[in-house]
Each structure stands twice: as C-alpha cells, then as structure tokens.
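Below you'll find the structure, written out as structure tokens, and then a few comments.
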Amino acid sequence: MWQLLKRTNLSQWILVAMVMGLLLGLFLPAISVHLNPLSSTIFMRLIKSLIAPLLFSTLVVGIAGHCEDLRQMGRLAVKAFVYFEVVTTIALFIGLGAVNLARPGVGIDTTKTGAEKAQEFAGKQASVDSFLEHVFPASVVEAAAKNEVLQLVIWAVIFAIALVQTPEKYRVPILEFLEALAQVMFKFTGLVMLYAPIAIGAAIAYTVAKSGPEVLGNLALLVATLYAALAVFCLLVLLPVMLIFRIPMAGFWKVIREPALLAFSSASSEAALPKAMQNLEAFGVPRRIVAFVLPTGYSFNLDGSTLYLAVASIFCFQAAGVELAFGDQLLMMLMLMLTSKGVAAVPRASLVILSGTLVSFGAYLEGRGVMDHAQLTLA
C-alpha cells in the first residue's frame, strides 16, 4: 500500500482530489462551503509568495548570465511578440466562430443574473494609456508585493541589461547569489506543490457547494462551446507549431501535464507558473528563453483568455436578445485584440475587459451576470 502511494505522482493526486472535491461538494455542502480558506487563501498565498523571487532570479540569470549579447536578447523578444500577436488573434476569431455557431446565450433568462454587479466592473474600463502606465513599476517592492508579473518582468529585464554592462568583479557575485536563489526557489516550489491536491480538492468542493450542481447543467452549452473552441485552437494552431519545430509531443505532454492540471483545477494560471518554469528548464529549454518568454507570455500570450473573451462578449449580447451585426462583431474583436494583450495586468482582468467592451458597444450587461457565475467553470 505504501509503495503504491509513493508511486502515485502529483498529477494523479490532483485528479483524485478533483473527484473527491466534487463528491464532497455534492453530498456534504454544509461542510464544503467552509473549505475556501484551504484553497484560495493558503495555497494561493504560498504561490504568490514565491512568484517575485522566482521570476526575478531566473530572468536576471537567464539574461545576464547566458545572454551577454543584447542583440540576441532583442531578436528573442521580437520573435516572441510576433508569435504572441499572431496566435492570440487567431484565438479571438476561433472563439467568434464558435459562439456564433453554437449560440449558447439564446433563450437565457437574464432577470436574475445580476446586471448591477456587471455595472461595477464596467466602470473600470481598460484603456491603452492606463495599460502603458501600469507596465512600468513606480516601486519594485510594491510590484513584488502585488505580484504584478509584467512590471516585475520589465524591471528585471532592465536590471539584467544594466548588470551585463557592469564590470565582471561586481557582476559575478550578484549572478552567483541569484543563481543560488533560483535553485532554492525551485525547491520551494516543489514543497508548495505537495499541498496542491488538498487545495484543489477544497476549491472544487467549495465551488460545487456554493453554486449548486444545477449551475453545471445551466451552463453546459456555454462551457462546451468554449472547450470545443479551445480544442480547435489546439488542433489548428498549437499542433502545427509543434510539428513544424519538431517538439516531441510525449515528452512535452509530461512537462505541461502538472502545470495544466494546476491551472485548470485552481482556476488560476498564476498557480501553474512556477511549476511550468521548473519543468520546461528540466525539459531542456534554455533558462534565458524560459525566464523571458514564459512570464512575458502571461501578459501577451493568454490564448485561452482571449478566446474566452470572444466567446463571452458575444454570449452576453445573445443573452440580452441582441443580434450584433457581423461588422460590429469584427470591431469588437479589434478592441479585444488591443485590450487583451494586457489582460494579466489588471485584477480580475477578464471581467474588467469584458464589461468595458460591452459598455462600449451599447451597455448590454444582462448576460454579464451569467458570465460571473460561469467564471470559475470557464477559468
């Protein structure tokens, strides 16, 4: 029995915890509604506590320790941002096609979906000016305390460039310290991940007990539409990319399996970042690439979030009984293409951007209440 438990890996424990959490939420809701601190409070606090030192140490070492040619770093950045722009735009249009084909919002009763709550988010519209101001930190300590990933990346890149230009006798001790810090943070990540199954099981139990099992049935078509669109995106975009660049699929699946389960079951991509960085480096991806591309992608390459925004925005108009012209839908996609690039830089960013976009196109917020209930399921 003990040997069986030792052979069970983290992914298997997470799957077991998800099933147990579902059963607990269904049959013991009175207990499950009190489990939220075990998930969102303890686990997410531990995750957030390690993001700043892990990002800073790996990014600075990756650039200053392995990329003394700054032009090489510039080429990497250009390639990354071109890829980010292309694939997120494709994701938006796949989502647009899926929601128009399935029409999951048609026939929904929006009288009890909380449009007033949606109005609260609509007042926080994201603008290009506010996003650009938000990118650059006024204080690196504040950025670290609030886990502003994009601000940390910008500050760390500037610090690394300055470190490259510093004489070797000053540069080497700092690099050695940051290399040691990175190794410690990877070990720290491993310890935190041991708690992940408990946190994820508690999160699912709490969600089911709080919302009730009927929420799964009411939103079945909406959820199916989103995941079908994600499957199409994987087949038409991610699979060809892997084939073109000859990425071994079996090995890559082993690398992303645990981070993907963490992100899905905790409804937070932030929870998966440390483990994803650790696994990709072990997979053989150079640290300078992992340390720069992965955190930057959290702000500019959120394919799932951008696809979700396309589905959710049209869904809300359908729920309100409004037929949006195709030209208006294209204009909405153009707005989402711009605002979704900074989606990770704003708290509850998807809700903020979604509500702001809806207001810009006529303030049809009735369906936003439905989306608020669906947020955990779709995340």
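Quick note on numbering: numbering that gives the first Met the number 0 labels position 76 of the sequence shown as 75, and the sequence is numbered without any gaps.
Glycine included, C-beta positions come from ideal geometry on N, C-alpha and C.
- Ile-243 counts as exposed, since fewer than 16 other beta carbons sit within 10 angstroms of its beta carbon.
- Val-32 is positioned such that its CB atom lies no closer than 8 Å to that of Ala-202.
- In terms of CA proximity to Gly-283, Pro-247 leads the group Cys-315, Asn-300, Ser-312, Pro-247.
- Here the alpha carbon of Arg-44 sits roughly 21 Å from the alpha carbon of Trp-12.
- Leaving aside the five residues that flank Ala-51 on each side, the residues in its chain whose CB is nearer than 7 Å to its CB run, in chain order, Ala-143, Asn-146, Leu-151.
- For Asn-278, the enclosing alpha helix (DSSP H) has its first and last residue at 272 to 282.
- From the listed residues Val-59, Leu-49, Ala-219, Leu-95, the smallest Cα separation to Leu-335 is found for Leu-95.
- Look at the region 212 to 248 and you find these whole runs of alpha helix (DSSP H), each 4 residues long or longer: 213 to 217, 219 to 232, 238 to 243.
- When C-alpha distances from Ala-204 are compared across Asp-327, Val-15, Leu-25, the shortest belongs to Leu-25.
- Taking Phe-325 as reference, the option from Leu-100, Ile-30, Ser-56 with the minimal CA-CA separation is Leu-100.
- The DSSP assignment places 69 to 101 as complete runs of the alpha helix (DSSP H) inside the region 56 to 110, in order along the chain (cut-off: 4 residues).
- Around the beta carbon of Lys-186, a 10 Å sphere encloses fewer than 16 other beta carbons of the protein chains shown; the residue is thus reported as exposed.
- Excluding its 5 nearest sequence neighbours in each direction, Leu-53 has C-beta neighbours in its own chain below 6 Å: Met-184, Pro-273, listed in chain order.
- In the DSSP assignment, Gly-303 falls within the alpha helix (DSSP H) that extends over 302 to 318.
- Looking only at Ala-275, Arg-245, Pro-239, the smallest Cα-Cα distance to Lys-253 is reached by Ala-275.
- The Cβ neighbour count for Glu-322, taken over all protein chains shown within 10 Å, is under 16; the residue is labelled exposed.
- Judged by DSSP secondary structure, Gln-182 falls within the alpha helix (DSSP H) whose first and last residues are 167 to 192.
- Annotation: Leu-37 is outside any alpha helix (DSSP H) and is labelled neither H nor E by DSSP.
- Rounded to the nearest whole angstrom, the CA to CA distance from Val-310 to Pro-36 is 31 Å.
- Between the alpha carbons of Arg-286 and Tyr-169 lies a gap of roughly 22 Å.
- When the Cα atoms are used, Ile-93 and Val-231 turn out to be separated by approximately 8 Å.
- Look at His-133 here: in three-state DSSP terms it is helix.
- Thr-40 counts as exposed, since fewer than 16 other C-beta atoms from the protein chains shown sit within 10 angstroms of its C-beta.
- Linking Gly-250 to Gly-320 through their CA atoms gives a straight-line distance of about 47 Å.
- Of all alpha-carbon atoms in Ala-259, Leu-91, Glu-280, the one lying nearest the alpha-carbon of Gly-61 is that of Glu-280.
- Contact between Tyr-307 and Leu-225 holds, since their C-beta atoms are separated by about 6 Å, short of 8 Å.
- Sequence-distant partners of Val-139 (beyond 5 residues in either direction) whose C-beta falls short of 7 Å from its own C-beta, in its chain, are Trp-154.
- For a cut-off of 8 Å, the C-beta gap from Ala-16 to Gly-200 is around 3 Å, short enough to register as a contact.
- If you compare the alpha carbons of Gly-303, Ala-271, Ala-79 with that of Val-292, the shortest gap goes to Ala-79.
- In the three-state reduction of the DSSP assignment, Pro-28 falls in the helix class, which pools H, G and I.
- Fewer than three pairs of CB atoms, one per stretch, sit closer than 8 Å, so the region 255 to 264 makes no contact with the region 158 to 172.
- Val-148 has its alpha-carbon roughly 18 Å from the corresponding atom of Leu-177.
- In chain order, Pro-258, Leu-261, Ala-262 place their CB closer than 6 Å to the CB of Ala-271, counting only its own chain and leaving out the 5 sequence neighbours on each side.
- Non-local beta-carbon contacts of Tyr-194 in its own chain, meaning distances under 8 Å to residues more than five positions away in sequence, involve Ile-41, Phe-42, Leu-45 in chain order.
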